[in-house]
Amino acid sequence: MKTAALSIRTPEGIVFSQLLAGPVTRFFAWFIDLLCIQVAMTIVGIAVNLLGIINWGLAIALYVIAYFAISIGYGIFFEWAWRGQTIGKRLFRLRVVDAEGMRLQFNQVVVRNLLRFVDMLPAFYFVGGIACWLSPKCQRLGDIAANTIVIRAPKISEPDLDQLLEAGKFNSLRQFPHLVARLRQNVSPQEADIALQALLRRNEFEPVSRVELFAELAGHFRDKIEFPAEATDGITDEQYLRNIVDVIYRSKTDSGIEKAVREKIGI
Amino acid sequence: MIVDLQRFIANERPFWNELEKLLNRIEADPNQRMSLEQLQLFHQLYERTAADLAKITTFSSEPETRRYLESLVARAYSEIHETREKQRRIFPLQWFLQTLPQTFRRHVRAFYLSLAITIAGCIFGGAAIAFDPASKPVLMPFSHLLQDPRKRVAEEEKATRDRLAGFKTTFSAELMTHNTKVSIFTLALGMTWGIGTIMMLFYNGVILGAVAVDYIRAGETKFLLGWLMPHGVIEIPAILIAGQAGLLLALALIGRGNRAPLRTRLREIAPDVTTLIFGVGCLLVWAGFIEAFLSQYHEPVVPYEAKIAFGSVELVLLILFLAKSGAPRNEKPPAISETGTAQQTMEIPK
Chain G
3 MKTAALSIRT PEGIVFSQLL AGPVTRFFAW FIDLLCIQVA MTIVGIAVNL
53 LGIINWGLAI ALYVIAYFAI SIGYGIFFEW AWRGQTIGKR LFRLRVVDAE
103 GMRLQFNQVV VRNLLRFVDM LPAFYFVGGI ACWLSPKCQR LGDIAANTIV
153 IRAPKISEPD LDQLLEAGKF NSLRQFPHLV ARLRQNVSPQ EADIALQALL
203 RRNEFEPVSR VELFAELAGH FRDKIEFPAE ATDGITDEQY LRNIVDVIYR
253 SKTDSGIEKA VREKIGI
Chain S
8 MIVDLQRFIA NERPFWNELE KLLNRIEADP NQRMSLEQLQ LFHQLYERTA
58 ADLAKITTFS SEPETRRYLE SLVARAYSEI HETREKQRRI FPLQWFLQTL
108 PQTFRRHVRA FYLSLAITIA GCIFGGAAIA FDPASKPVLM PFSHLLQDPR
158 KRVAEEEKAT RDRLAGFKTT FSAELMTHNT KVSIFTLALG MTWGIGTIMM
208 LFYNGVILGA VAVDYIRAGE TKFLLGWLMP HGVIEIPAIL IAGQAGLLLA
258 LALIGRGNRA PLRTRLREIA PDVTTLIFGV GCLLVWAGFI EAFLSQYHEP
308 VVPYEAKIAF GSVELVLLIL FLAKSGAPRN EKPPAISETG TAQQTMEIPK
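So the protein sequences, as listed, match chains G and S.
Just so we're aligned, residue 3 is where the first sequence starts under my numbering, counting upward by one.
Just so we're aligned, residue 8 is where the second sequence starts under my numbering, counting upward by one.
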């Protein structure tokens, strides 16, 4: 059964998943790499033309060797130097990794790149594409031999919840702690997450959709717990939801905690 | 309902940041060595982050933080649980004089198999030419091999000008790249359970046998040896070693007699396959030079005896190199399992 993600369970019992890249994205990344090789060869061609003024035979020989070295060595060099990425893979946020989550080894990079000769047969990676399509881990033959997979590796940085749950801002709902406590009790993690995600992605919505979405979400939470009018009057649905998320995810402010932990590990 | 997410993040963030910094440092310079204290800290940070991931997966559905922690745990996991020998800087001379011949010897049975397939091809090609000379156009793909050997030798020997003048370097480069491509292809076809590799080796053998018998029948044995030996004694073993690597891959795929899972078998074989194919590349560079700068010159420019002697010396040196280089004084030949994996034996010092 083909899956879009590969789950790895560590000996500590923790499970983490790697999102597998599909053949189409990989094909586009390869196409970009092909263009890069062509650009490199054009540059080499110009250099060879200049060298040809001195010795034409030597210049042609160097061109033949350079073409061979670049076309074969491009993938090996970049995947090794950039830890599993070429220019095309970097653009499409793909990365070659060990299929068991281990460190990628040089010999794995070499084997998967040399086996392109078979994957490319008869043209346009037909064999590799079929293998990728049939393989549960979306591996072409080179990946199977090298025990590697290609994953989608979006740039993951620490989520910025501060911009949303900023401490110190006035929240009218906090004036009613008993209602806040009841809200926290009644709201499921999934409901809280929907509200949080809507706020985090609020700038991605069309203006009309944004208003409609937040009206619907605010209505849903109003049905759960009804706050007195003085807490909700004069604020928009979006601000209401922001206050809801604030009281759900942040029960109280404790600015001393982070400082204490920093001191604990000495940073 | 979860956890106070804000408080949880505030509490744990310094540990995640510290782990991320350490990982960036390790990934930027894989050769650096960490002190015991750094290793302990790294391990503690990994365990804490992994525990945080478990907590957030269980108690909160906040996906962004989970993805961030997953990426941190995945990166740290690959560094901590990697049991294969850490890659060291490569010393080319040591690699060439020790690692390459040792790897070759460790899998010498696959080489013998590769040799046997090629010899079978030679016999087939030779027999085909001997019994059916009309099959020559089918067996020989190159036009210059199709003409009568006697006629070709006569033409080569009376040539007064250097046909390759000004093109020797280009010709040499083309030979190197073409032969290396053929070798890589022979290796890569190992993924067809060895069928493709066997076909390539057999086909090479057929051409070699057909050409050899064609020239011997025409009484041009001396020319044949003088023409082929200087580069052939390196080029042919190089292709055979590429076949050896392809067969290793195939044996690991088939896994006969080895109960280890497929990925383990392939993982074991990958470093040796890489070593062998790089070795093939080195041999073919040398063969390319010799073929362009020596093999194409015949009597009276270069006496055949000199070319044959040169080829013989090369062959002896190659055999000595592959059989003896990098071997400790009391090295015993390693026992080789069905998949070609070495069963290393340790000698107990007396």
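Ideal placement from N, C-alpha and C gives every residue a C-beta, glycine not left out.
Quick one: what does DSSP say residue i is sitting in, helix, strand or coil?
i, result
"S/T204", "helix"
"G/F172", "coil"
"S/A123", "helix"
"S/D155", "coil"
"G/F126", "coil"
"G/I153", "strand"
"G/W135", "helix"
"G/T88", "coil"
"S/A217", "helix"
"G/I250", "helix"
"S/C289", "helix"
"S/R40", "coil"
Is there a Cβ from chain S that is less than 8 Å from the Cβ of residue i?
i, result
"G/I67", "yes"
"G/E14", "yes"
"G/G59", "yes"
"G/G131", "no"
"G/D225", "no"
"G/Y76", "no"
"G/R11", "no"
"G/Y127", "no"
"G/F83", "Note that residue 83 of chain G is Ala in the sequence shown, not Phe. Judged by the 8 Å Cβ criterion, G/A83 is not in contact with chain S."
"G/Y251", "yes"
"G/D235", "no"
"G/A197", "no"
"G/A101", "yes"
Please confirm if residue i has its CB atom under 8 Å from at least one CB of chain G.
i, result
"S/V80", "yes"
"S/S42", "no"
"S/T346", "Confidence at S/T346 is low in this model, with a pLDDT of 46, below 50, so its placement is unreliable and no value can be given for it."
"S/I261", "no"
"S/A330", "no"
"S/H50", "no"
"S/L30", "no"
"S/A57", "yes"
"S/M198", "yes"
"S/E34", "yes"
"S/I284", "yes"
On the DSSP bridge assignment, give the partners of residue i in chain order.
i, result
"G/F18", "G/I10"
"G/L96", "G/R154"
What do you reckon, are the CB atoms on residue i and residue j nearer than 8 Å?
i, j, result
"G/V189", "G/I151", "no"
"S/M207", "S/T193", "yes"
"S/A299", "S/L215", "no"
"G/Q177", "S/A81", "no"
"S/G286", "S/S179", "no"
"S/P140", "S/L153", "no"
"S/V292", "S/L255", "no"
"S/Y222", "S/P310", "no"
"G/R114", "G/G144", "yes"
"S/G226", "S/K314", "no"
"S/T64", "S/R73", "yes"
"S/H114", "S/I87", "no"
"G/V120", "S/L196", "yes"
"G/I153", "G/L202", "no"
Taking C-beta pairs closer than 9 Å, name the residues in chain G that residue i reaches, listed in chain order.
i, result
"S/V280", "N109, V112, V113, L116, A147"
Applying a beta-carbon distance threshold of less than 9 Å, which residues of chain S neighbour residue i?
i, result
"G/L175", "Near G/L175 there are no residues of chain S at all, since even the closest Cβ is about 15 Å away, more than 9 Å."
Residues of chain G with CB closer than 7 Å to the CB of residue i, please, in chain order.
i, result
"S/E360", "Outside the shown range of chain S (8 to 357) lies residue 360 of chain S, about which nothing can therefore be said."
"S/A277", "N109, Q110, V113, A148"
"S/F174", "G59"
"S/I191", "L116, F119"
"S/T184", "V66, I67, F70"
Give the residues of chain S in contact with residue i, contact being defined as C-beta atoms less than 7 Å apart.
i, result
"G/S19", "E77"
"G/M43", "By Cβ distance, chain S contributes nothing, its closest Cβ being about 14 Å from G/M43, past 7 Å."
"G/A217", "Under the 7 Å cutoff, chain S gives no residues; its nearest Cβ is about 23 Å from G/A217."
"G/R105", "S85, E86, E89"
"G/I55", "Chain S residues near G/I55: none, gap ~15 Å exceeds 7 Å."
"G/I62", "T177"
May I ask you to check if the CB of residue i is nearer than 7 Å to at least one heavy atom of the ligand GDP?
i, result
"S/V240", "Only the bare structure without any ligand can be found here, which leaves the ligand GDP out of the picture."
Which chain G residues are close to residue i, counting only those with a beta carbon under 8 Å from its beta carbon?
i, result
"S/S302", "Result: empty, since nearest Cβ-Cβ is about 17 Å, beyond 8 Å."
"S/L273", "I146, A147, A148, N149"
"S/R266", "Result: empty, since nearest Cβ-Cβ is about 18 Å, beyond 8 Å."
Note down, in chain order, every chain S residue with its Cβ under 8 Å from the Cβ of residue i.
i, result
"G/L52", "Simply none; closest approach about 17 Å."
Quick one: does residue i have its CB under 8 Å from some CB of chain B?
i, result
"G/L143", "The structure shown contains no chain B; its protein chains are G and S."
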